[in-house]
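J.: As numbered in our numbering, residues 85 to 308 make up the sequence shown, in order.
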Amino acid sequence: MMEEGGRGQQPREKMLLTGPQELSAVELIAVLLGSGVQGHTVHEAAQALLELVQGDLSVLSSIPPLGMTEVPGIGRAKALQLSAALELGRRRQMTAQPHDTFIRSSADVFNRFAIRLSDLGHEEFWLVMLRRSNAVMAEVMVSKGGLTGTVADPKLIFSKALAMRAAGIIAVHNHPSGNVRPSRSDRELTKNLQWAGKMLDCPLLDHLIVSRNRYFSFADEGEL
Numbered sequence: 085m086m087e088e089g090g091r092g093q094q095p096r097e098k099m100l101l102t103g104p105q106e107l108s109a110v111e112l113i114a115v116l117l118g119s120g121v122q123g124h125t126v127h128e129a130a131q132a133l134l135e136l137v138q139g140d141l142s143v144l145s146s147i148p149p150l151g152m153t154e155v156p157g158i159g160r161a162k163a164l165q166l167s168a169a170l171e172l173g174r175r176r177q178m179t180a181q182p183h184d185t186f187i188r189s190s191a192d193v194f195n196r197f198a199i200r201l202s203d204l205g206h207e208e209f210w211l212v213m214l215r216r217s218n219a220v221m222a223e224v225m226v227s228k229g230g231l232t233g234t235v236a237d238p239k240l241i242f243s244k245a246l247a248m249r250a251a252g253i254i255a256v257h258n259h260p261s262g263n264v265r266p267s268r269s270d271r272e273l274t275k276n277l278q279w280a281g282k283m284l285d286c287p288l289l290d291h292l293i294v295s296r297n298r299y300f301s302f303a304d305e306g307e308l
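And the structure:
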């Protein structure tokens with residue numbers, strides 16, 4: 085038996101009268117969830133979900149749907165609804181952010197990838213291919229992995245770069261843990277890419293490790 089509860093209807097009525105910008109995060113989640121279940125009002129479920137992530141919506145967007153179902157009152161259907169809404173918001177941010185076609189600094193690279201990668205629960209390795217003017221030719225995902233890592237093959241990376249006749253490349257990958265310090269394998273890969281780039285006259289200009297609101301740049305740290 086589904087249960088709305090008086091508190092569950094209030095956010096929807098408030099949203100109709102004042103618009104979504106006047107609702108709290110709990111109220112917006114309650115609107116997305118729609119209704120509660122037996123023994124749990126929609127407001128209680130929304131509050132519990134927000135408490136789970138300590139009020140951090142960026143953390144909430146990284147929780148997979150099945151993870152949300154651990155909150156009492158949130159089943160698979162509601163978790164999928166909420167996850168889809170959060171993903172739409174993330175994609176909207178990606179399309180709205182200014183994308184300069186030239187790379188002038190590591191911050192420019194981070195700004196292009198922060199929203200795309202920072203909230204993922206898995207690692208992705210991306211390649212930015214540049215012209216001699218540092219204009220961006222293309223951005224391609226090279227590999228996708230799990231929570232602890234992904235495999236990036238230098239042969240595959242440079243086959244893509246040479247096919248595009250790129251003058252230089254920048255490597256970018258994320259650390260879902262939030263720790264942007266490079267691992268031993270990150271450093272080994274960077275050295276291999278640097279060496280191969282010199283041999284192929286397609287230099288590795290930087291390698292960024294990104295997370296939420298911060299990044300590590302091998303070039304900035306003098307390691308390239």
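No residue lacks a Cβ here, since even glycine has one placed at the ideal position from N, Cα and C.
Taking all protein chains shown into account, do 16 or more other C-beta atoms lie within 10 angstroms of the C-beta of Met85, making it buried, or fewer, making it exposed?
T.: Note on Met85: pLDDT 35, under 50, position unreliable in the model; no value is reported.
J.: Whole-angstrom Cβ separation of Ile113 and Leu164, contact assumed at under 8 Å?
T.: Rounded, the Cβ-Cβ distance is 14 Å, inconsistent with contact.
J.: Between the stretch 209 to 216 and the stretch 232 to 247, are three or more C-beta pairs nearer than 8 Å?
T.: The stretch 209 to 216 vs the stretch 232 to 247: in contact.
J.: Contact defined as beta carbons within less than 8 Å: I believe Ala219 pairs with Phe186. What is the distance between those atoms, to the nearest angstrom?
T.: Confirmed, about 5 Å.
J.: Cβ of Gln131 within 7 Å of Cβ of Val110?
T.: For Gln131 and Val110, yes; Cβs fall inside 7 Å.
J.: Should Asn297 be labelled buried (16 or more other beta-carbon atoms within 10 Å of its own) or exposed?
T.: With fewer than 16 other Cβ atoms within 10 Å, it is exposed.
J.: In the DSSP assignment, the alpha helix (DSSP H) including Ser217 goes from what residue to what residue?
T.: From DSSP, Ser217 is part of no alpha helix (DSSP H); its letter is neither H nor E.
J.: Give the range of the beta strand (DSSP E) segment to which Gly252 is assigned.
T.: Taken as a continuous stretch (DSSP letters only), the beta strand (DSSP E) holding Gly252 covers 252 to 258.
J.: Please identify the residue among Gly229, Ile199, Gly151, Arg96 whose C-alpha is closest to the C-alpha of Gly173.
T.: Minimum Cα distance to Gly173 is reached at Ile199.
J.: Per DSSP, what kind of secondary structure is Arg188 in: helix, strand or coil?
T.: Arg188: coil per DSSP, three-state reduction.
J.: For Asp237 and Thr153, I'd like the C-alpha separation in whole angstroms.
T.: Going by the C-alpha atoms only, they are around 37 Å apart.
J.: Helix, strand or coil: which one does DSSP assign to Val235?
T.: Three-state result, Val235: coil.
J.: Where in the stretch 99 to 141 do unbroken runs of the alpha helix (DSSP H), each at least 4 residues long, occur, reported from the N-terminal end onward?
T.: Segments of the alpha helix (DSSP H) lying fully in the stretch 99 to 141: 109 to 117, 126 to 136.
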